[in-house]
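Notes for the one structure printed next.
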Amino acid sequence: MKYDVIVVGGGHAGIEASLASARMGKQTLLITMLVEQIGAASCNPAVGGLAKGHLVRELDAIGGEMGLCTDATGIQFRILNASKGAAVQGSRAQIDMDKYREYMRKVCHNTPNLEIYQDEVSNLLVKNENEVYGVKTKLGEEFEAKKVIITTGTFMKGLIHIGQSQYEAGRAWELPSSTLSTQLKELGLNVGRLKTGTPARIDGNSINFENMDAHGGDVQPAPFSFRTNKSEFKPTQYPCYITYTNLDTHGTITSNFDRAPLFTGQIQGSGPRYCPSIEDKVNRFSERDRHQLFLEPQTSMCTEYYINGLSTSLPIDVQKEMIHSISGLENAKIIRYGYAIEYDYVDPTELKHTLETKKVKNLYNAGQINATTGYEEAASQGLMAGINACLAIDGKEPFILRRDEGYIGVLIDDLVTKGTNEPYRMFTSRAEYRLLLREENADLRLSKYGHDLGLIDDETYAKVENKRKVLNDAVEFMSNEWFTSKKENLELLEEIGEDKIKDRALLIDIVGRNTVNNEKFDKLVPSLANTDSYLKEQIIIEAKYYRYILKQQKQIDKMKKMLKLKIPENFDFRGVAGLSNEAVEKLEKFKPPTLFNASEISGITPAAIDIIHLNINLNN
Ligand code: FAD
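Numbering (UniProt numbering), first residue to last: 1 to 620.
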């Protein structure tokens, strides 16, 4: 059978890639090793978080599944940084890992045009040296396709470390993908090695929660998906618990450094710096006498808890001793030990912005294979690879998000232009235009794309357009309305506890004050008091960011104009001070005709583009 698209791997990237492809009308085959592990959470039982929440909202706005699944299976919802500005808040949910898998598997099984097959893809079928036309599996099946998307996560040549013991696996006790990365290397792709780790899971019945602080969800939980009905969203929420390591725990760890694979040279791959193992933390921050740990339920049955903050690959006797030294865990029964895993990844600078590899035609990579870490980063890439594979089949323009349009744009641009030498995760600080790229406006930014692609239905899109109209009208009104210092206005400010004004101010600047909430808004803008309370919150956020947004919009317009600038044919890149040798070599090799084309070359950073821009202007 010949398919349009084959997706290799049913993790978070593979699910979104397969669903996007099938929903765009393409005959799609998802080949994955264990069907019941579709959507498995390899590590923490949580979706979202700072900047990662943005990715999930954006994915949802374009028509991805992760937000809907999280809303259906979440067991605790919180907005992180709730006291800070909307641009840096992040939605996070604990998920019931079993229900999450069940939901995703069911959706995949019931999506028209999508078939599922359990096997290991051992090889790509290649013709004309670099053109992929299908895959071959370990059981000897061959399937042809116009496009193949690889989303193998941590499985390629996966090697698990627990103390001195090692075994080959893609994830604990699951078979690794043993041959695929060798072939990718032979096809000329730059393949490297990375590492990540996970903590032990313990039996909920053996934990003494008495002296721990419970950490609950938000009183009014907000769903992830713009398509979830907010008024009906009332999930049962389960607490997490806080405990700490102590000097005894640290003593156990330090006295076993000589048995830690991280320090003995047994582990070669780089791990995520911002998500270090406990042995790494104790080593690097030896002055600290404790580290905070969160006990997070893995399911709504609360049978198993994940010890967030205690990721480790220490030997099992050391893991046992250190866990039992922690308050509340003295008698904890360990269900699964923590471990580290090393795996092969493909250098993401091998990719175009569409996530197709530059050297091998019809081959796309998405997810952890591209040196990222995290379910959200993987899912975002999966969606984009799936969409672009379909567009390419139809001979249509690719779907590439710019950095000013979404965190997904930032993620992919960072990966394909800069690459990374450690597992890449999203942070709000990576986004230059973060005041524009807020979670709550992801639908306004991106649903039009989802609708045009056929991934967002008409009814949902009509709601987004209605929201846009209400917000635009409100901003238009408030930014043209003067709030003067006449007597009743001054009395009103006093009544609602707001500072007085001297002469006059635009209404939008009064509403945009940090202290203005829904009730004050009703008094300041009575004509909009009957607006739906959720939309009212959005109007207030728009007002708060109004001035900053005007400024960022100007920068973006400038950037767009700048990227259109033509680079003179004989431009002397070597004569430009501040460009690295590597950048000069690439620019001389590819001779990009415009600054935009230059920005598409891997390793050419936004800073390099600025320097070239300046020099073109100086020479003209
Ligand atoms: P995965 O979710 O790994 O899915 C890959 C899928 O591909 C699997 O279903 C597998 O069966 C299938 N597959 C692989 N090879 C083949 C093949 N040849 N043929 C057919 N099917 C194949 N993320 C964080 O954000 N924070 C963390 O602290 C963290 N720690 C982690 C610790 C461990 C031990 C592991 C394993 C992962 C950790 N992660 C962490 C990463 C997170 O799990 C991944 O980023 C995310 O799951 C990647 O999604 P993916 O779709 O790329 O791959």
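For every residue, glycine included, the Cβ atom is placed at its ideal position computed from N, Cα and C.
Can you determine whether any heavy atom of the ligand FAD sits closer than 7 Å to the C-beta of L124, and answer yes or no?
Taking the sequence shown and counting its residues from 1, the one referred to as residue 124 is at position 124. Flag unset: Cβ of L124 not near the ligand FAD.
Rounded straight-line distance, which links the Cα of A200 to that of F155
Taking the first residue of the sequence shown as 1, we reach residue 155 at position 155. Taking the first residue of the sequence shown as 1, we reach residue 200 at position 200. If you take the alpha carbons of F155 and A200, they lie about 20 Å apart.
Please return the same chain residues whose Cβ sits closer than 8 Å to the Cβ of T417, not counting the five positions on each side in sequence.
Taking the sequence shown and counting its residues from 1, one reaches residue 417 at position 417. Excluding five sequence positions before and after T417, the CB atoms of its chain that fall closer than 8 Å to its own CB belong to T349, S599, E600, I601, S602, G603, I604, T605, given in chain order.
How should P423 be labelled, buried or exposed, when 16 other C-beta atoms within 10 angstroms of its C-beta is the threshold for buried?
Within the sequence shown, the letter at position 423 stands for residue 423. Classification for P423: buried.
Quick one: is the Cβ of M33 within less than 7 Å of any heavy atom of the ligand FAD?
Residue mapping note: residue 33 aligns to position 33 of the sequence shown, counting from 1. Yes, Cβ of M33 sits closer than 7 Å to a heavy atom of the ligand FAD.
Between which residues of its own chain and S325 is the CB-CB distance below 7 Å, once the five residues before and five after are set aside?
Looking up residue 325 in the sequence shown gives position 325. If we look at S325 and ignore the five residues flanking it on each side, its Cβ neighbours are N246, D248, T249, T252.
Return the CA-CA distance between F521 and Y238, expressed in angstroms with no decimal places.
For the purposes of this step, residue 521 is taken as residue 521 along the sequence shown, with counting starting at 1. For the purposes of this step, residue 238 is taken as residue 238 along the sequence shown, with counting starting at 1. Approximately 34 Å, taken between the alpha carbons.
Cβ neighbour criterion (16 or more within 10 Å) applied to I458:
On the sequence shown, position 458 is the one that residue 458 refers to. Before going further, note that residue 458 is Asp rather than Ile in the sequence given. Classification for D458: exposed.
From the DSSP output, in three-state form, read off P348 for me.
Start at 1 with the first residue of the sequence shown, and residue 348 comes out as number 348. Reduced to three states, the DSSP call for P348 is helix.
Near the ligand FAD: Q368 beta-carbon under 7 Å from a heavy atom
Taking the sequence shown and counting its residues from 1, one reaches residue 368 at position 368. Result yes, Cβ under 7 Å from the ligand FAD.
Nonlocal neighbours in the same chain, by C-beta distance under 6 Å from R443, ignoring five residues either side
Translated into positions along the sequence shown, residue 443 becomes position 443. The amino acid occupying residue 443 in the given sequence is Asp; Arg does not appear at that position. Once the five neighbours on either side are set aside, the close Cβ partners of D443 are A61, F226, V464.
Would you report the Cα separation of E287 and Y100, rounded to the nearest angstrom?
Residue numbering aside, residue 287 sits at position 287 when the sequence shown is read from its first letter. Residue numbering aside, residue 100 sits at position 100 when the sequence shown is read from its first letter. Whole-angstrom Cα-Cα distance: 40 Å.
Inter-residue spacing [alpha-carbon to alpha-carbon] between Q37 and I15
Mapped onto the sequence shown, residue 37 falls at position 37. Mapped onto the sequence shown, residue 15 falls at position 15. Going by the C-alpha atoms only, they are around 11 Å apart.
Which residues in the same chain have their Cβ closer than 7 Å to the Cβ of M562, if we skip the five residues on either side of it in sequence?
Within the sequence shown, the letter at position 562 stands for residue 562. The answer, listed in chain order, is L595, H613.
Using CA coordinates, which residue listed in K320, M104, K359 is at the minimum distance from G11?
If you number the sequence shown from 1, residue 11 lands on position 11. That would be M104, whose Cα lies nearest to the Cα of G11.
Checking 8 Å against the spacing of the C-beta atoms, do R403 and V318 come in under that value?
Along the sequence shown, read from residue 1 onward, the residue named residue 403 stands at position 403. Along the sequence shown, read from residue 1 onward, the residue named residue 318 stands at position 318. Between R403 and V318, the C-beta gap is not smaller than 8 Å, which leaves the two residues out of contact.
For Q292 and T28, the rounded distance between their alpha carbons
By 1-based counting over the sequence shown, the position of residue 28 is 28. By 1-based counting over the sequence shown, the position of residue 292 is 292. The straight-line gap from Cα to Cα measures roughly 45 Å.
Please report how far the alpha carbon of I539 lies from the alpha carbon of L471, in whole angstroms.
By one-based count along the sequence shown, residue 539 stands at place 539. By one-based count along the sequence shown, residue 471 stands at place 471. About 6 Å.
Nonlocal neighbours in the same chain, by C-beta distance under 8 Å from L565, ignoring five residues either side
For this step, residue 565 is matched to residue 565 along the sequence shown. Counting only Cβ-Cβ distances below 8 Å, and skipping sequence neighbours, we find T594, L595, H613, I616.
Decide yes or no for the touch test of the stretch 378-393 against the stretch 56-73: beta carbon pairs closer than 8 Å, at least 3 of them.
Output reads yes: the stretch 56-73 touches the stretch 378-393.
Leaving out five residues before and five after C390 in sequence, what residues of the same chain have Cβ atoms less than 6 Å from its Cβ?
By 1-based counting over the sequence shown, the position of residue 390 is 390. S21, M24, K26.
Do three or more CB pairs link the stretch 499-508 to the stretch 474-483 at distances below 8 Å?
Per the Cβ contact rule, the stretch 499-508 is in contact with the stretch 474-483 (3 or more Cβ pairs under 8 Å).
Hey, which unbroken runs of the alpha helix (DSSP H) at 4 residues or more fall wholly within the stretch 540-582?
none
Mind checking whether the beta-carbon of S21 lies closer than 7 Å to any heavy atom of the ligand FAD?
Taking the first residue of the sequence shown as 1, we reach residue 21 at position 21. No - the ligand FAD has no heavy atom lying nearer than 7 Å to the Cβ of S21.
Where L383 falls: helix, strand or coil (DSSP)
Position 383 of the sequence shown, counting from 1, holds the residue named residue 383. Here L383 sits in helix by DSSP.
Smallest Cα separation from Q552: which of E115, Y133, R434?
For the purposes of this step, residue 552 is taken as residue 552 along the sequence shown, with counting starting at 1. For the residues E115, Y133, R434, the minimum Cα distance to Q552 belongs to R434.
By the DSSP assignment, the alpha helix (DSSP H) with A442 in it spans what residues?
As a first step, residue 442 is located in the sequence shown; it is residue number 442 there, counting from the start. That run of the alpha helix (DSSP H) goes 442-453.
For the ligand FAD, any of its heavy atoms closer than 7 Å to the Cβ of Q298?
What you label residue 298 is simply residue 298 of the sequence shown in a count that begins at 1. Not under cutoff, so the answer is no.
Report the CB separation of T179 from S122 in whole angstroms; it is logged as a contact under 8 Å.
Walking along the sequence shown from the start, residue 179 turns up at place 179. Walking along the sequence shown from the start, residue 122 turns up at place 122. With a Cβ gap of about 5 Å, T179 and S122 count as contacting.
Kindly indicate which three-state DSSP category G406 falls into: helix, strand or coil?
Here residue 406 refers to the residue found at position 406 of the sequence shown. Coil at G406, not helix or strand.
Which two residues bound the contiguous beta strand (DSSP E) that contains T198?
By one-based count along the sequence shown, residue 198 stands at place 198. Unbroken beta strand (DSSP E) run through T198: 191-198.
Could you tell me which whole beta strand (DSSP E) segments of length 3 or greater appear in the stretch 184-243?
Complete beta strand (DSSP E) runs here, min 3: 191-198, 201-203, 213-215.
Roughly how far, in whole angstroms, is the beta-carbon of V135 from the beta-carbon of A93, given that I think they are within contact range, below 8 Å?
Numbered from its first residue, the sequence shown carries residue 135 at position 135. Numbered from its first residue, the sequence shown carries residue 93 at position 93. Not a contact, Cβ separation roughly 34 Å.
In the DSSP assignment, find the alpha helix (DSSP H) that holds K467 and state where it starts and stops.
As a first step, residue 467 must be located in the sequence shown, where it is residue number 467. 458-478 is the span of the alpha helix (DSSP H), which, as asked, contains K467.
Q381 at chain D interface by Cβ criterion, 8 Å:
Among the chains in the structure shown there is no chain D, since it carries only a single protein chain.
Is the distance from the Cβ of L50 to the Cβ of G90 below 8 Å?
As a working mapping, residue 50 is identified with position 50 in the sequence shown. As a working mapping, residue 90 is identified with position 90 in the sequence shown. Their beta carbons are under 8 Å apart, which means L50 touches G90 by this criterion.
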